[in-house]
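Residue numbers (the UniProt record's numbering): 1 to 523. Some notes on the structure that comes next.
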Amino acid sequence: MAYNFRNRNLLNTRGAYLGSSGSDSESQDDSDPDFLTPSRTPRRSTQNNTARAGGASSIRNLSGKRSRGNGEERRRGRRERHRRRRKRKFSQVPQAQISRRTVLSWLIGLGVIEEDAVVWYVAAQSGNILGEGKVNREGILCSCCSGQLTVEEFEVHSGRKTRKPYQHIYLAGSQVSLLDCQIEAWEDKEEEETRKFNNIQPASKAVDRYDDACMICADGGDLICCERCPSTFHPRCIFMEIIPQGDWLCPYCICKYCGNGNGNGNGLLMQCSQCEKKYHLRCGGEPLDLMNPPVVFCGSSCRKIYEGLHNLLGSQNALHDGLTWTLLQRIDEPFTGSYGEEEYKRIQCNSKIAVAWLVMNECFLSTIDRHTRTNIVQSIVYNRGSNVTRINYSGFYTAILEKNDEIISVASIRVHGKRLAEMPFIGTRGEYRRLGMAYVLENCIESTLCSLKVEKLVIPSANQLTGMWMDKYFFSRVQEERLVKELSLYNTVMFPSSVVRLYKNLAMLPDLNLSPEEKEGHF
């Protein structure tokens, strides 16, 4: 019996989908109205005028070494009191009014802290107040010298360099640290909505459980369906010349080595933590690590890529002219309250992910999947997973370019193993466009991929920007049938047919961000 196709022509009328990689020359600045923060009137707090002497006496009790009881319970209690007071008194600031995209502007925008609130830098051991200032969207205005400082500069100005400034800077009124404010903001209900798992279920009147769009081209029509997952494909998109008889399994439900599914004497399929392809242990892959069972790899190259990317997470890399770039990924692990190195880094990563989404939302038109109504850019920035393979973005990382704590350029990348990486979105804030910021960030990404021995980088481009990507960034069109077939084997983000796909071979590319002296000693 011939395979029974599912026709999806009638289901392709649910909306429009727009999106492409941006650049310094991009001028789109529309945003998705469904994801704007509600506008409310800001309010002044009356607790910022706490007497310094009394505050200093109270602040000494914030050190876990000087008072008894569980430190995390005390911090949680202060956060809860601060949250209740915020609900009564503070309010959110319209995101459109925020001129700088920093962690502090994000906290102010959510109403977690109030602009011009008095803050203290508190010594960890003694509890003494070493510095005072007022917090604003750009940083902290120092009370002693009237200088506008970043959070890290305020710590150094206060005579300390712990590399954990948010942990030691406290709101004078509530005596809650900025680090606890970050946790509070991350646990905010509205913020939680942006990172939920994309659990796509069939409509009540649906005839089956399958996706309405082809995995390769994101369009509907006559689709062949996988018997193990909701994925669907146009036979022509996967170069299928003969329609199979009986059941058929898609490339994401079979072993990447032998081409078979579960059973057949090969055992259960494992899913690689990096490339997300499946494999039988007896066909290939590395031995299971019993100390870290959720993380498995189909081979040594995927393990090295995974470890290389995770070693970079949260670490700021200095560039020229005060610029830094950082690799981020949302990590949803419970906060222990220990505030060790890894937990502190995770809190900073998550906070900057939230700010990166606000930057991306400024740079691109609405990118709503017309079949599932999923916000594509938001899901990618927050690396949201899904039960539908086509919109499963759990493997994405976010690269940001910063200057003076402000995020000015953002890019999304996903590495599908050593053969391929993709960068579906890169955007720069309006006032920094045409200054080469996207060029700097894109080169940092390429250098990182080269160091991990990734061979190709693929991007989508709006038709009017194709010339710029080819002339300035040295990309080429994906035209050869060999490349098209290869790309059909990977779950890359799909765009409308009007968007042009470009690629670049990454082997032996130079790092253009290094100075001549650094290049001579760089191997």
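The beta carbon of each residue, even a glycine, is placed where N, CA and C say it ideally should be. The model shown is predicted, which means the values in this text are computed figures rather than measured ones.
Distance CB(I368)-CB(N361) smaller than 8 angstroms:
Position 368 of the sequence shown, counting from 1, holds the residue named residue 368. Position 361 of the sequence shown, counting from 1, holds the residue named residue 361. No, they are not a contact pair.
Using 8 angstroms as the threshold, is the segment 163-181 in touch with the segment 108-123, meaning 3 or more CB pairs across them?
yes
Out of G284, S231, E442 and P235, point me to the one whose CA is closest to K256's CA.
By 1-based counting over the sequence shown, the position of residue 256 is 256. It is G284 whose Cα lies nearest to the Cα of K256.
Residue(s) in a DSSP beta bridge with E132
For this step, residue 132 is matched to residue 132 along the sequence shown. Partner(s): W120.
With T448 as the anchor, note down where its alpha helix (DSSP H) starts and where it stops.
As a first step, residue 448 is located in the sequence shown; it is residue number 448 there, counting from the start. Unbroken alpha helix (DSSP H) run through T448: M437 to S451.
Considering only C-alpha positions, which residue in the set L502, K304 and V103 is nearest to D180?
Taking the first residue of the sequence shown as position 1, residue 180 is located at position 180. Selected option, being the one with the closest Cα: V103.
Tell me which residue opens and which closes the alpha helix (DSSP H) that R370 is part of.
On the sequence shown, residue 370 is found 370 positions in, with the first residue counted as 1. Where R370 is concerned, there is no enclosing alpha helix (DSSP H), given that its DSSP letter is neither H nor E.
Give the C-beta separation of residue 530 and V359 to the nearest angstrom, bearing in mind that I take them to be a contact with Cβ-Cβ under 8 angstroms.
As displayed, the chain neither begins before 1 nor continues past 523, which places residue 530 out of reach and without an answer.
Going by C-alpha to C-alpha distance, which of A354, F364, N463 and V493 sits closest to I391?
Residue mapping note: residue 391 aligns to position 391 of the sequence shown, counting from 1. Checking every option, the nearest Cα to that of I391 belongs to V493.
Tell me whether R330 is buried or exposed, calling it buried when 16 or more other Cβ atoms sit within 10 Å of its Cβ.
Indexing the sequence shown from 1 puts residue 330 at position 330. Answer is buried; the Cβ neighbour count reaches 16.
Check whether the Cβ atoms of R434 and I408 lie closer than 8 angstroms to each other.
Position 434 of the sequence shown, counted from the start, is the residue given in the question as residue 434. Position 408 of the sequence shown, counted from the start, is the residue given in the question as residue 408. No, the Cβ-Cβ distance between R434 and I408 is not below 8 angstroms.
Helix, strand or coil at G427 [DSSP, three-state]
Residue 427 sits at position 427 when you count from the first residue of the sequence shown. Three-state result, G427: strand.
Among the candidates C217, S476 and C229, whose CA atom is the shortest distance from the CA of G261?
What you label residue 261 is simply residue 261 of the sequence shown in a count that begins at 1. For G261, the nearest C-alpha among the options comes from C229.
Buried/exposed call for M291, threshold 16 Cβ in 10 Å
Position 291 of the sequence shown, counted from the start, is the residue given in the question as residue 291. Classification for M291: exposed.
4-residue-minimum alpha helix (DSSP H) runs that sit fully inside the segment 173-252, ordered along the chain
178-186 and 189-193
Ignore the nearest five residues each way along the sequence and tell me which others in P202's own chain have a CB closer than 6 angstroms to its CB.
For the purposes of this step, residue 202 is taken as residue 202 along the sequence shown, with counting starting at 1. When the five nearest sequence neighbours on each side are left out, the beta carbons in the same chain lying within less than 6 angstroms of the beta carbon of P202 are those of R209, in order along the chain.
Between which two residues does the alpha helix (DSSP H) harbouring I407 extend?
Here residue 407 is taken as the residue at index 407 of the sequence shown, counted from 1. That residue, I407, is in no alpha helix (DSSP H); its beta strand (DSSP E) goes E406 to V415.
Taking only the alpha-carbon atoms, compute the straight-line gap between L312 and I353 and give it to the nearest angstrom.
Working through the sequence shown from its first residue, we reach residue 312 at position 312. Working through the sequence shown from its first residue, we reach residue 353 at position 353. Each residue's Cα considered, the two are about 15 angstroms apart.
Residue ranges of each beta strand (DSSP E) within the segment 305-345, 3 or longer
323-328
Between the CA atoms of T389 and L223 - distance to the nearest angstrom
Working through the sequence shown from its first residue, we reach residue 223 at position 223. Working through the sequence shown from its first residue, we reach residue 389 at position 389. About 15 angstroms.
If you follow the beta strand (DSSP E) that K472 is in, where does it begin and where does it stop?
By one-based count along the sequence shown, residue 472 stands at place 472. Counting along the chain, K472 falls outside any beta strand (DSSP E), though it belongs to the alpha helix (DSSP H) covering T466 to K472.
Let's see if you can read the secondary structure: which residues bound the beta strand (DSSP E) around I501?
For the purposes of this step, residue 501 is taken as residue 501 along the sequence shown, with counting starting at 1. Ile is not the amino acid found at residue 501; the sequence shown has Arg there. First-last of the beta strand (DSSP E) with R501: V500 to N505.
How far does the beta strand (DSSP E) with K403 in it reach, from first residue to last?
Here residue 403 refers to the residue found at position 403 when the sequence shown is read from its first residue. From DSSP, the beta strand (DSSP E) with K403 extends over Y397 to K403.
Below 8 angstroms between beta carbons: does that hold for L319 and I400?
Translated into the one-based positions of the sequence shown, residue 319 becomes position 319. Translated into the one-based positions of the sequence shown, residue 400 becomes position 400. No. Outside cutoff.
With a cut-off of 8 angstroms on the beta carbons, I'd call P235 and I243 a contact; round off their distance for me.
By 1-based counting over the sequence shown, the position of residue 235 is 235. By 1-based counting over the sequence shown, the position of residue 243 is 243. That pair is a contact at about 6 angstroms.
Alpha carbon to alpha carbon, how far is K472 from P334? Give it in angstroms, no decimals.
Walking along the sequence shown from the start, residue 334 turns up at place 334. Walking along the sequence shown from the start, residue 472 turns up at place 472. One C-alpha to the other measures close to 44 angstroms.
To the nearest angstrom, how far is the alpha carbon of P424 from that of V151?
Start at 1 with the first residue of the sequence shown, and residue 424 comes out as number 424. Start at 1 with the first residue of the sequence shown, and residue 151 comes out as number 151. If I take the Cα positions, the gap works out to 32 angstroms.
Determine, using beta carbons only, whether Y397 and L452 come nearer to each other than 8 angstroms.
On the sequence shown, residue 397 is found 397 positions in, with the first residue counted as 1. On the sequence shown, residue 452 is found 452 positions in, with the first residue counted as 1. Pairing Y397 with L452 gives a Cβ-Cβ distance that is not under 8 angstroms.
Cα separation between L489 and A421?
In the sequence shown, residue 489 corresponds to position 489, counting from 1. In the sequence shown, residue 421 corresponds to position 421, counting from 1. For L489 and A421, the distance between alpha carbons rounds to 13 angstroms.
Close-in-space but distant-in-sequence residues of the same chain around E442 (CB under 8 angstroms, 5 per side omitted)
Residue 442 sits at position 442 when you count from the first residue of the sequence shown. Hits under 8 angstroms: A411, M423, I426 and Y473.
CA-CA distance, G173 and A462?
The residue given as residue 173 occupies position 173 in the sequence shown. The residue given as residue 462 occupies position 462 in the sequence shown. So the alpha carbons of these two residues sit roughly 50 angstroms apart.
Three-state class that DSSP yields for N361 in the structure shown:
Counted from its first residue, the sequence shown places residue 361 at position 361. If DSSP states are grouped into helix, strand and coil, N361 belongs with the helices.
Contacts around G159, its chain only, beta-carbon distance under 7 angstroms, and the 5 residues preceding and following it disregarded:
The count along the sequence shown starts at 1 and reaches residue 159 at position 159. If we look at G159 and ignore the five residues flanking it on each side, its Cβ neighbours are L130.
Quick test of your reading: E286 and G267, contact by CB under 8 angstroms. State the CB separation rounded to the nearest angstrom.
Position 286 of the sequence shown holds residue 286. Position 267 of the sequence shown holds residue 267. Contact doesn't hold; Cβ gap of about 15 angstroms is too wide.
Whether N198 touches G385 by CB criterion (8 angstroms):
For this step, residue 198 is matched to residue 198 along the sequence shown. For this step, residue 385 is matched to residue 385 along the sequence shown. Cβ atoms of N198 and G385: closer than 8 angstroms.
Whole angstroms are fine: how far does the CA of I108 sit from the CA of A123?
Here residue 123 corresponds to residue number 123 of the sequence shown, with the count starting at 1. Here residue 108 corresponds to residue number 108 of the sequence shown, with the count starting at 1. Cα-Cα distance, rounded: 25 angstroms.
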